[in-house]
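Residue numbers (this note's numbering): 6 to 64. Backbone N, C-alpha and C define an ideal beta-carbon position, used for all residues, glycine too. Bear in mind the structure is a predicted one, so any value in this text is a computation, not a measurement. Notes to accompany the following structure.
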Amino acid sequence: MANIEFEFTKDGPLLVKADGKVEYALCRCGHSSKKPFCNGAHINAGFKADASKLELKKS
Ligand code: FES
């Protein structure tokens, strides 16, 4: 099983990573026309959010 990481980027999408590689960039601003994926619309929307990270490590 891969190490899974959820990275909430500052003012941007939620990145889902497996073993350090970005698998998905998910929209969390609500403005993407490609939901659930980020299409960069958060930039023009002026989306603001803090960054944080959650890691699920295999045991
Ligand atoms: S977070 Fe990028 S378009 Fe919504």
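When secondary structure is reduced to three states using DSSP, Ala7 falls in the coil class, being assigned neither helix nor strand.
If the five residues before and after Lys40 are omitted, its C-beta is found closer than 8 Å to the C-beta atoms of Cys32, all from its own chain and listed in chain order.
At the C-beta level, Asp24 and Ala7 come within 8 Å of one another.
Ser37 has its Cβ nearer than 7 Å to a heavy atom of the ligand FES.
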